[in-house]
Amino acid sequence: MSSQSGTEGFRTVSAADIGGMSEYMHLPDWEALIKAIVSVVKNQDGTEQVYFITTNNQVAKEDLSVCMQRFPSKMRAFVSQSLTAVQT
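For reference, each letter of the sequence shown is one residue, going 2 to 89 in our numbering.
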């Protein structure tokens, strides 16, 4: 997985170690719960998932659409930091 600021020392984890945010689905805003976004991946079936680290250092993943609703500022910052400048 690629890393973003806040993921220094990120360790490799198995699929079994990656959780979800089901216990927080009742909250409309997760901005304060997310420490860093690690990557956004497109699965073979076309679904897109976001891998991130929570403030309690748990690795989690959720669908892109959920993440865009629950922590849009962090998603925008991740996209902005991920863009590569092109010189013309």
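Where a beta carbon is used, it is the ideal one built from N, C-alpha and C, also for glycine.
Computed from a predicted structure; not experimentally measured.
Taking the Cα positions, L65 is about 11 Å away from N44. Residue state for Q59 is assigned as coil, using DSSP reduced to three classes.
The beta carbon of K75 lies closer than 7 Å to those of E32, I35, I38 in the same chain, with the five residues before and after it left out. About 6 Å separates the Cβ atoms of E63 and M22, confirming a contact at the 8 Å cut-off.
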